[in-house]
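Encoded as structure tokens, the structure appears first; notes follow it.
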Amino acid sequence: MKKIAVFASGTGTNFDAIQRAIENKELNAEIALVVVDKKTAKVIEKARNKGIETYVFSYKDFENKAECEKEIVRRCKAAGVEWIALAGYMRIITHVLLDAFPNRIINIHPALLPSFKGAHGIEDAYNYGCKVMGVTIHYVNEEMDAGKIIAQRAFDVPENATLETVEAMIHQIEHVLYPETLQKLLGE
Ligand code: GAR
Numbered sequence: 000m001k002k003i004a005v006f007a008s009g010t011g012t013n014f015d016a017i018q019r020a021i022e023n024k025e026l027n028a029e030i031a032l033v034v035v036d037k038k039t040a041k042v043i044e045k046a047r048n049k050g051i052e053t054y055v056f057s058y059k060d061f062e063n064k065a066e067c068e069k070e071i072v073r074r075c076k077a078a079g080v081e082w083i084a085l086a087g088y089m090r091i092i093t094h095v096l097l098d099a100f101p102n103r104i105i106n107i108h109p110a111l112l113p114s115f116k117g118a119h120g121i122e123d124a125y126n127y128g129c130k131v132m133g134v135t136i137h138y139v140n141e142e143m144d145a146g147k148i149i150a151q152r153a154f155d156v157p158e159n160a161t162l163e164t165v166e167a168m169i170h171q172i173e174h175v176l177y178p179e180t181l182q183k184l185l186g187e
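Residue numbering for the sequence shown follows numbering that gives the first Met the number 0, starting at 0 and increasing by one per position.
See below:
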């Protein structure tokens, strides 16, 4: 059974979806660690309720980003982590973490990359007036939302859809596509 770490900064609905897929035996993996860079993030309680180890920290507690990532690497290795899934983890990752897990760190982005990178992918695509929107899963590199694409899923935006409607549609796709993609990658 492959051990993965989920990195998150917020609500953790993608964490939920991955954990649910594991419980339903659709994803043959174990979340060995949840890494959270925000002490108030809702995902922390979700992980703890499932009895999953968490590492919660604030970047400000470290001298610099490299020192912080060294500690993250240490925690991941100690937990036996082989793959890292970023799920709403709102930080650029540096070579310290990337070198420790080469080609083993992936991210989910709520837009069809290379369009609408950044923290507001859904809103940006919606405000642009896109008629097709979707989700991307990609390998992580040192540039934001720029690594090699692994999977994408698109949908037609319904006429008169509100931002809330498309947000719900994006999240629904994310919660299927992320566990599905992880299962494919881990099985390789
Ligand atoms: C997700 O929609 C994810 O795609 C997005 O943050 C949300 C986290 O939700 N990530 C990015 O925008 C990365 N650029 P969650 O905490 O409920 O999983």
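A virtual CB, placed ideally from N, CA and C, is assigned to each residue, including glycine.
**Asked** Taking buried to mean at least 16 other C-beta atoms within 10 Å of its own C-beta, is L112 buried or exposed?
**Response** The residue given as residue 112 occupies position 113 in the sequence shown. Buried, by the Cβ-count rule.
**Message:** Among the candidates K116, I121, V165, E158, whose CA atom is the shortest distance from the CA of G146?
**Reply:** Working through the sequence shown from its first residue, we reach residue 146 at position 147. The residue with the shortest Cα to Cα distance from G146 is K116.
**Item:** Proximity winner among Y177, M0, M89, F14, relative to I47 (alpha-carbon distances)
**Value:** Walking along the sequence shown from the start, residue 47 turns up at place 48. Sequence inspection shows Arg at residue 47; the Ile mentioned does not correspond to that position. That would be F14, whose Cα lies nearest to the Cα of R47.
**Asked** Using the C-alpha atoms, what's the distance from A7 back to L85?
**Response** Residue numbering aside, residue 85 sits at position 86 when the sequence shown is read from its first letter. Residue numbering aside, residue 7 sits at position 8 when the sequence shown is read from its first letter. Straight-line Cα distance between these residues: approximately 6 Å.
**Message:** Closer than 6 Å to a non-hydrogen atom of the ligand GAR - does that hold for the CB of E109?
**Reply:** One-based indexing of the sequence shown puts residue 109 at position 110. Reading off the sequence shown, one finds Pro at residue 109, where the question assumed Glu. It does: the Cβ of P109 is within 6 Å (strictly closer) of some heavy atom of the ligand GAR.
**Prompt:** Heavy atom of the ligand FMN less than 6 Å from the Cβ of T10, yes or no?
**Reply:** Ligands present in the displayed structure are limited to the ligand GAR, and the ligand FMN is not among them.
**Asked** Can you name the start and end residues of the alpha helix (DSSP H) that K45 belongs to?
**Response** As a first step, residue 45 is located in the sequence shown; it is residue number 46 there, counting from the start. From DSSP, the alpha helix (DSSP H) with K45 extends over 42–48.
**Request:** Could you tell me if D98 is buried or exposed, where buried requires 16 or more neighbouring beta carbons within 10 angstroms of its beta carbon?
**Result:** For the purposes of this step, residue 98 is taken as residue 99 along the sequence shown, with counting starting at 1. The residue in question, D98, is exposed, as its Cβ has fewer than 16 Cβ neighbours within 10 Å.
**Local conformation of I91 per DSSP, three classes** = Your numbering for residue 91 matches position 92 in the sequence shown. Three-state DSSP puts I91 in coil, outside helix and strand.
**Prompt:** Taking C-beta to C-beta, are G128 and A153 nearer than 7 Å?
**Reply:** Here residue 128 refers to the residue found at position 129 of the sequence shown. Here residue 153 refers to the residue found at position 154 of the sequence shown. Not in contact: G128 and A153 (Cβ atoms no closer than 7 Å).
**Item:** N- and C-terminal bounds of the beta strand (DSSP E) containing Y58
**Value:** Here residue 58 refers to the residue found at position 59 when the sequence shown is read from its first residue. From DSSP, Y58 is part of no beta strand (DSSP E); its letter is neither H nor E.
**Asked** Can you tell me where the alpha helix (DSSP H) with E179 in it begins and where it stops?
**Response** As a working note, residue 179 is residue 180 in the sequence shown. Here the alpha helix (DSSP H) through E179 covers 162–186.
**Prompt:** Once you ignore the five residues that flank V193 on each side, which residues in its own chain have a CB closer than 7 Å to its CB?
**Reply:** Because the chain here runs from 0 to 187, residue 193 falls outside it and cannot be looked at.
**Prompt:** Rounded to a whole number of angstroms, what is the C-alpha to C-alpha distance between R90 and E68?
**Reply:** Looking up residue 90 in the sequence shown gives position 91. Looking up residue 68 in the sequence shown gives position 69. Using only the alpha carbons, I get a separation of about 11 Å.
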